[in-house]
Structure formats: C-alpha cells, structure tokens
DNA sequence: TTTTTAGTTGACGTTGACGTCAACGTTACT
DNA sequence: AGTAACGTTGACGTCAACGTCAACTAAAAA
C-alpha cells in the first residue's frame, strides 16, 4: 500500500516552478528531508507534499519558519494527552491568524470593488446607478 | 469640510506598532509623502490611510512595491476613458490574485481543521464521532 | 540656561530567501 | 575514451526591509 513513486530534484523544481537551488535551500533549513541514493537526493510523495505546503505558505506571506511550524502540526510527533492538547491549542492559534488574514483580504477586495464601481460610474455618468 | 487633524511620526508609529525608522523608510521608498513643518514631518489623515494600507498589505504578504501598486489604484490619477478602462482591468487582476490567496488560506484552515479533529478523536476514541 | 524630549539625516549592519558561479562526481550515450 | 546531461557541495553575491548608531537640531520643561 505504500506509494513508491519518487522524484528527482529537477522534476519537483519543474512541477512547482522553483529552482533546484531553492529546493536544496529548503533542505538546508530543515524543511524537507529527502533520502539519498548514492549522493543524489530522491524525493517521495511525502516530500512533495511538504514542498507544496511550503510554497502555499509562501504565497500567503508566511516565512519559511512559519510554514515549518504549520507543517509540524501535521505530524502528531508526540503521543500523550498533554501533547495532543497543546497541539490543539496551537492549531487553534494558527487558525485564528489565518482568519485575520482572510479578513484583511476580504476588506481589500471589497475596497477594490468600490473603486472599480466608482470608475464605472465615471465612465457612464448618465446610467441609473 | 477638510480634516485638519495631523499626527507626528511617533504617534503613527505608536498607533500602528511600527518604528519611526520604518515610517521614514516608507517615505524614502515613495510610499508616503508627509508635508514638512520646518524640518519635521507632519502626517495628515490621508497619509495615515496610506500607512494603514501598506501594513495591511504586509500582513497578507505583499511587498512594498505591490502595496504601492494597489494604493495607486485608489487615486484615479488619469481622467480619460482609456485610463479608466485600464484601471478597471488592473483592479480586476488584483482581485483575482487576492481570490487565489483567499483560496490558499481557506484550504489551509480546513486542513488544520481536519488535523484538529483527528487529534480530538485520538483523545476520545470511545465517543461517537 | 541647561537639560530633556522629540525629531532629523546619513551611513553601515543584519536577516531571510534565495541567485550565481566554480569545481567536481555519476550515468548514459556515441 | 570522450562528452553531454544531471547531480553534488561550497562559497560568495544580492535584494528587500528594515535595525542600529552617531552626530545634529529644535522646542519645551526644569
């Protein structure tokens, strides 16, 4: 049942539109941990997912460290009750942050909507608003 | 009818939780243009709004240049038909970008929701889900 | 009048996130 | 055996977005 697909560094680079340098840099910063075959890196689906999460994080303005924090929330690396509770709290915090960002973006969009409407009114001053 | 409120640099810094250095830096980058009284900067409500927009941009991961682009969309600095049409298109593009970000964030939130639910299930394995 | 208390202008330092070589090692063809 | 094509490890460069510090000015308070 385990997926034995694997990728080279340039395959992933191509797929996600980043350079190989970038991917190696992420490894240097401990965001990804590909295995080695000889001296070459080989990437498994799990690594691909991590890369995907990092890049999604980047798109919404997270730093690499922040993305790493979120990725770490995915692996329940501890197994006792307290750690689960702590994890749930952390996740709650992250979600709140994200909701704040959602708010900012929604405001920005509706601001732009207003400006756009104003523009259109300038163009057609005669039409009923 | 004009609002003659004005602010010092440190008032704004305090209000928005940034340093005065940051605000001066934004001026150096042509994001804000306060007037001078002697050699001191004096900030008007319009400047405050610009600062607010910049910081909102930062929170959602925009660069200063990107924020500036958006801010510029607010001032219909041109007045002919073509310029309005161009402006409307630009705004549409920005909105689309923002919708993509919205999507990323929503996905991230629902991912975290799932992880959190899974955590809770680990804690109470007996309860009906 | 001296001393705080803002504020100002440089100039240089720093940090994060990579880019850009250079020098080298495999593997795969020809 | 030679030569591409792809990979590797340093090491250094770069750019944005500030931080830090020094040396100065102006106004206000003690």
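Protein chains in written order, with this note's numbering: chain A, 3 to 131; chain B, 3 to 131. Every residue, glycine too, gets a C-beta built ideally from N, C-alpha and C.
Is residue i helix, strand or coil when you go by DSSP?
i: residue 111/B; result: helix
i: residue 31/B; result: coil
i: residue 90/B; result: helix
i: residue 60/B; result: helix
i: residue 42/A; result: strand
Could you compute how far the alpha carbon of residue i sits from the alpha carbon of residue j?
i: residue 87/A; j: residue 58/A; result: 26 Å
i: residue 79/A; j: residue 85/A; result: 9 Å
i: residue 39/B; j: residue 70/B; result: 25 Å
i: residue 83/B; j: residue 15/B; result: 39 Å
i: residue 90/B; j: residue 121/A; result: 7 Å
i: residue 113/B; j: residue 34/A; result: 19 Å
i: residue 123/B; j: residue 32/A; result: 30 Å
i: residue 125/A; j: residue 93/B; result: 15 Å
i: residue 11/A; j: residue 25/A; result: 7 Å
i: residue 128/A; j: residue 81/B; result: 17 Å
i: residue 97/B; j: residue 60/A; result: 19 Å
i: residue 9/B; j: residue 43/B; result: 9 Å
i: residue 13/A; j: residue 21/A; result: 10 Å
i: residue 17/A; j: residue 54/B; result: 37 Å
i: residue 19/A; j: residue 77/B; result: 35 Å
i: residue 2/A; j: residue 30/B; result: The displayed coordinates of chain A run from 3 to 131. Any statement about residue 2/A would go beyond what the structure contains.
i: residue 23/B; j: residue 119/A; result: 37 Å
i: residue 95/B; j: residue 108/A; result: 15 Å
i: residue 68/B; j: residue 45/A; result: 34 Å
Determine the burial state of residue i: buried for a count of at least 16 other Cβ atoms within 10 Å of its Cβ, exposed for fewer.
i: residue 41/A; result: exposed
i: residue 102/B; result: exposed
i: residue 49/A; result: buried
i: residue 52/A; result: buried
Would you mind giving the Cβ-Cβ distance between residue i and residue j, rounded to the nearest angstrom? I have them listed as a contact below 8 Å.
i: residue 100/B; j: residue 110/A; result: 6 Å
i: residue 7/A; j: residue 47/A; result: 6 Å
i: residue 75/B; j: residue 117/A; result: 6 Å
i: residue 56/B; j: residue 28/B; result: 6 Å
i: residue 62/A; j: residue 115/B; result: Going by Cβ atoms, the distance from residue 62/A to residue 115/B rounds to 17 Å, so no, they are not a contact pair.
Is residue i near the ligand FMN, going by C-beta to nearest heavy atom under 6 Å?
i: residue 77/A; result: In terms of ligand content, the structure shown is empty, and the ligand FMN therefore cannot be addressed.
field: Selection of the segment 65–91 of chain A by Cβ proximity to chain B, strictly under 9 Å
entry: Contacts with chain B (Cβ-Cβ distance below 9 Å) from the segment 65–91 of chain A involve 72, 75, 76, 78, 81, 83, 86, 87, 89 and 90, listed in chain order.
- request: Using a Cβ-Cβ cut-off of less than 9 Å, give me the residues of the segment 109–122 of chain B that come near chain A, in sequence order.
  value: Taking 9 Å as the Cβ-Cβ cut-off against chain A, the residues of the segment 109–122 of chain B that qualify are 109, 110, 111, 113, 114, 115, 117, 118, 120, 121 and 122.
Contacting positions in the segment 48–64 of chain A - beta carbon closer than 7 Å to chain B: Flagged, chain order: 58, 61, 62 and 63.
- prompt: What are the residues of the segment 27–47 of chain B that lie near chain A, defined by any Cβ-Cβ distance shorter than 9 Å?
  reply: Residues passing the 9 Å Cβ filter: none.
message: Please list, in chain order, the residues of the segment 93–104 of chain A that have any C-beta partner in chain B closer than 9 Å.
response: The segment 93–104 of chain A vs chain B, Cβ under 9 Å: 93, 94, 96, 97, 100, 101, 102, 103 and 104.
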